[in-house]
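Chains as they are written, first to last, in this note's numbering: chain A, 132 to 252; chain B, 139 to 641. Where is the CB? At the ideal position from N, CA and C, for every residue including glycine. This one's a predicted model, so the numbers in the text were calculated from it and none came from an experiment.
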Amino acid sequence: MEGLYAFCVGLLTACGIFLTLRGRSFSVVMGLTLLSYAVNLFLFASGRLKLNAAAVLGQSEQYSDPLPQALVLTAIVIGFAMTAFAVILAMRARADLGNDHVDGVLPAQPGDPTYKSGGHH
Amino acid sequence: MQHLSIFPILIPLLFGAIMLLPPISRDISSQRISSIVGTLFLLASSAVLLFKVDNEGVQLYALGGWQAPFGIALVADRISSLLVLLTSFLAFAVMLYSISGKDKGGAYFHPLFMFQIMGINGAFLTGDIFNLFVFFEVLLIASYALLIHAGGKQKTQAAMHYVILNLVGSSLFLFGLGILYGTLGTLNMADMAIKVGQLEGETATLAKTGALLLLVVFGLKAAMLPMHFWLPKTYASASAPVAALFAIMTKVGIYSIFRVYTVIFGEHAGELANIATPWLWPLALLTILIGSIGVFASPNIRTMSANLVIVSSGSLLACAAINSEAATSAAFYYMVHSTLASAGLFLLADVMARQRGKAEDRFVHSRLFVQPRLLGVAFAISALALIGMPPLSGFVGKIMILQATQSTAQTMWVWPLILIGSLAALVTFSRAGTTLFWRHNGSASSDAEPAKANEIVGIGLLLLASPILVLFGGEISEFTQQAAHYLHDIQSSAYDLLPGVTQ
Numbered sequence: 132m133e134g135l136y137a138f139c140v141g142l143l144t145a146c147g148i149f150l151t152l153r154g155r156s157f158s159v160v161m162g163l164t165l166l167s168y169a170v171n172l173f174l175f176a177s178g179r180l181k182l183n184a185a186a187v188l189g190q191s192e193q194y195s196d197p198l199p200q201a202l203v204l205t206a207i208v209i210g211f212a213m214t215a216f217a218v219i220l221a222m223r224a225r226a227d228l229g230n231d232h233v234d235g236v237l238p239a240q241p242g243d244p245t246y247k248s249g250g251h252h
Numbered sequence: 139m140q141h142l143s144i145f146p147i148l149i150p151l152l153f154g155a156i157m158l159l160p161p162i163s164r165d166i167s168s169q170r171i172s173s174i175v176g177t178l179f180l181l182a183s184s185a186v187l188l189f190k191v192d193n194e195g196v197q198l199y200a201l202g203g204w205q206a207p208f209g210i211a212l213v214a215d216r217i218s219s220l221l222v223l224l225t226s227f228l229a230f231a232v233m234l235y236s237i238s239g240k241d242k243g244g245a246y247f248h249p250l251f252m253f254q255i256m257g258i259n260g261a262f263l264t265g266d267i268f269n270l271f272v273f274f275e276v277l278l279i280a281s282y283a284l285l286i287h288a289g290g291k292q293k294t295q296a297a298m299h300y301v302i303l304n305l306v307g308s309s310l311f312l313f314g315l316g317i318l319y320g321t322l323g324t325l326n327m328a329d330m331a332i333k334v335g336q337l338e339g340e341t342a343t344l345a346k347t348g349a350l351l352l353l354v355v356f357g358l359k360a361a362m363l364p365m366h367f368w369l370p371k372t373y374a375s376a377s378a379p380v381a382a383l384f385a386i387m388t389k390v391g392i393y394s395i396f397r398v399y400t401v402i403f404g405e406h407a408g409e410l411a412n413i414a415t416p417w418l419w420p421l422a423l424l425t426i427l428i429g430s431i432g433v434f435a436s437p438n439i440r441t442m443s444a445n446l447v448i449v450s451s452g453s454l455l456a457c458a459a460i461n462s463e464a465a466t467s468a469a470f471y472y473m474v475h476s477t478l479a480s481a482g483l484f485l486l487a488d489v490m491a492r493q494r495g496k497a498e499d500r501f502v503h504s505r506l507f508v509q510p511r512l513l514g515v516a517f518a519i520s521a522l523a524l525i526g527m528p529p530l531s532g533f534v535g536k537i538m539i540l541q542a543t544q545s546t547a548q549t550m551w552v553w554p555l556i557l558i559g560s561l562a563a564l565v566t567f568s569r570a571g572t573t574l575f576w577r578h579n580g581s582a583s584s585d586a587e588p589a590k591a592n593e594i595v596g597i598g599l600l601l602l603a604s605p606i607l608v609l610f611g612g613e614i615s616e617f618t619q620q621a622a623h624y625l626h627d628i629q630s631s632a633y634d635l636l637p638g639v640t641q
């Protein structure tokens, strides 16, 4: 179970980092979302993975650490708010700057040196 | 009063929340009054807190009565209460500047300002590392919205970079925290400092990964070398009061570096002792160098002051790398000086830009200022302070840093770079001053607005701090020395904060 779990967290992180390094704001926002999923799973695992263990004393023979679950809740709330903000900002940038590149300017295309801004063609 | 330590967090929260409610939220003038009243309350309570900490020692506040290490504790020691007072003073001066029109560019300036202060004060006061993350997020989300205050293409463009970088930073912060919690089993900083010495072998390596991930995050906030590219554009495009308030944001990163890598991963950390030092040395020195190059290349005052913020970050990181009591003490003196002086310059740049028409604050020939004498004197004071020339506080701060170097190798690297940084500032300030004040053509523009009384008082307060830091230099440096001693002494900064735990 641990191996599969670690693989999933690693895959999510790798995809998240790949997407945040892209140039368009949509894929960057997707990347940030994947990163925050990876972080939430990772934080959850920092209290060790256990089967048949409630987070309440006396409910089962062994118990699991309740603190990471509280941390994950906090992280989910904050991550959700931040993603919402990033989406709104990306839409604002698309409206203000006329394109959805994270730099606000589209890089010049090879055969078209004057091609600068996506908003004027 | 036992609840005094939480006032610097509660006051801005309360005032910020009240300003979002109907009677006040519709009326800008009552918002301004409540902002001024709020920052005055904050200033008073931070001053009382500092006085109390200085007389009675560390104030430990267990939130909800849950004792550390199980609950979240606020720790008001000399360093955190000094920085909280610095934040409150900066907030008051900047708020005084912004109430005459700079706050009208967008809605919710006043509540956001208060929430940002709340986040900064909370980050300084907390003794729990996950709580530090939460307060980082509070100050960040307020700063995202404040950055685009008054709108415009440049601000949106800068905000995209700033927000995305900091969101990635927050994810890394959580990864680091997860690793540290998984290996140490605690999030209370004092408890971590005690437990980290027992780690060995693979667990220690894992904890080292977590600790260095945190260094990346704090380095991003503090504008440490490969992560400084966002800063000049962000600070130069933000509206003046926001940029002035942001002057303390890099210091939150530096403070966290001091707190985490002196107390937790300091000399007592066993296998993990002083893990940040080998990374901090080259990065700090290169940060000073790249900041100095940026200062030389700046086309206007705002970009120049943003690059000066990078230089001062580099100097402070060098103090963290030297890692001795004298260096820590120098760093906190210099931190107070550089925050206030660079905030003053950001505000001054805005006043100057408004009197020069289209030339704004660029170093080009333009019209005469409406108030050349007033602005000239203010510019000269802030230049002397930021270059580090006697008799102002920049000189004292830089001398303290230079004196803190211990070995010949340290002196060989730190002295030239700090002095090159000063030279870059000197050259650029002279070039700027002569162009702005002496090479004008024609008379003052008719539509230029002279600085209003409250703006002059706001800038004056920030600039006056520099001579005051020199006049009371003895008392202040003695205070920072005690603070540094506290931070380097594991008994007082860790064991004394946990009831029932002894060395």
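Asked: Whole-angstrom distance between E498(B) and D585(B), CA atom to CA atom; Found: 13 angstroms
Asked: Neighbourhood of G644(B) by C-beta distance below 8 angstroms, restricted to the same chain and skipping five residues each side; Found: As shown, chain B starts at 139 and ends at 641. That puts residue 644(B) outside it, with no answer to give.
Asked: Host alpha helix (DSSP H) of Y393(B) (start-end); Found: 387-396
Asked: CA nearest to the CA of Y235(B), picked from L561(B), V489(B), V534(B), F617(B); Found: V489(B)
Asked: CA nearest to the CA of L182(A), picked from I207(A), R155(A), Q240(A), E133(A); Found: E133(A)
Asked: Complete alpha helix (DSSP H) runs within the segment 142-212 of chain B (minimum length 4 residues, chain order); Found: 145-158, 160-163, 166-194
Asked: Neighbour-count burial assignment, T572(B), 16 or more Cβ in a 10 Å radius; Found: exposed
Asked: Residue from L454(B), F227(B), I149(B) with nearest C-alpha to I395(B); Found: L454(B)
Asked: Rounded C-alpha distance that separates W417(B) from G526(B); Found: 27 angstroms
Asked: Closer than 9 angstroms to chain B by CB, R155(A); Found: no
Asked: For A169(A), three-class secondary structure by DSSP; Found: helix
Asked: Simplified DSSP state of R500(B), which is helix, strand or coil; Found: strand
Asked: Which of helix, strand or coil DSSP assigns to T640(B); Found: coil
Asked: C-beta neighbour in chain A for V380(B), strict 9 angstroms; Found: no
Asked: Given F313(B) as reference, the closest of G189(A), L174(A), Y194(A) once Cα atoms are compared; Found: L174(A)
Asked: Under 9 angstroms (Cβ pairs) to chain A, residues found in the segment 328-343 of chain B; Found: none
Asked: Closest Cα partner of G257(B) within the set G323(B), S226(B), Y246(B); Found: S226(B)
Asked: Presumed contact (8 angstroms Cβ cut-off) between L351(B) and L310(B), rounded CB distance; Found: 5 angstroms
Asked: S167(B) classed as buried or exposed, judged by whether at least 16 other C-beta atoms fall within 10 angstroms; Found: exposed
Asked: Residues of the segment 351-373 of chain B whose Cβ lies closer than 8 angstroms to any Cβ of chain A, in chain order; Found: none
Asked: With 16 other Cβ atoms within 10 Å as the buried cut-off, status of E616(B); Found: exposed
Asked: Exposed unless 16 or more other CB atoms sit within 10 angstroms - verdict on G612(B); Found: exposed
Asked: DSSP state of G179(A) mapped onto helix, strand, coil; Found: Sequence inspection shows Arg at residue 179(A); the Gly mentioned does not correspond to that position. Coil.
Asked: Buried or exposed by the 16-neighbour rule on C-beta atoms within 10 Å, applied to R179(A); Found: exposed
Asked: Neighbouring residues, chain A, relative to T294(B) (Cβ below 8 angstroms); Found: L220, R223, A224, D227, L228, G235
Asked: Alpha-carbon spacing of V595(B) relative to L524(B), whole angstroms; Found: 20 angstroms
Asked: Separation of P510(B) from S504(B), as counted between CA atoms; Found: 13 angstroms
Asked: Under 9 angstroms by beta carbon: chain B residues contacting P199(A); Found: G316, Y319, G320
Asked: D241(B), DSSP secondary structure in three states; Found: helix
Asked: Local Cβ density within 10 Å of M252(B), reported as buried at 16 or more and exposed below that; Found: buried
Asked: CA-to-CA distance, Y282(B) to V276(B), given in whole angstroms; Found: 10 angstroms
Asked: Euclidean distance between Cα positions of G176(B) and M233(B); Found: 10 angstroms
Asked: Beta-carbon proximity check, G265(B) vs L322(B), cutoff 9 angstroms; Found: no
Asked: S545(B), buried or exposed, once every other Cβ within 10 Å from all chains shown has been counted against 16; Found: exposed
Asked: DSSP beta-bridge partners of D488(B); Found: DSSP lists no partner for D488(B).
Asked: Contact with chain A by A649(B), beta-carbon distance below 9 angstroms; Found: Nothing can be reported for residue 649(B): it is not among the residues displayed for chain B, which extend from 139 to 641.
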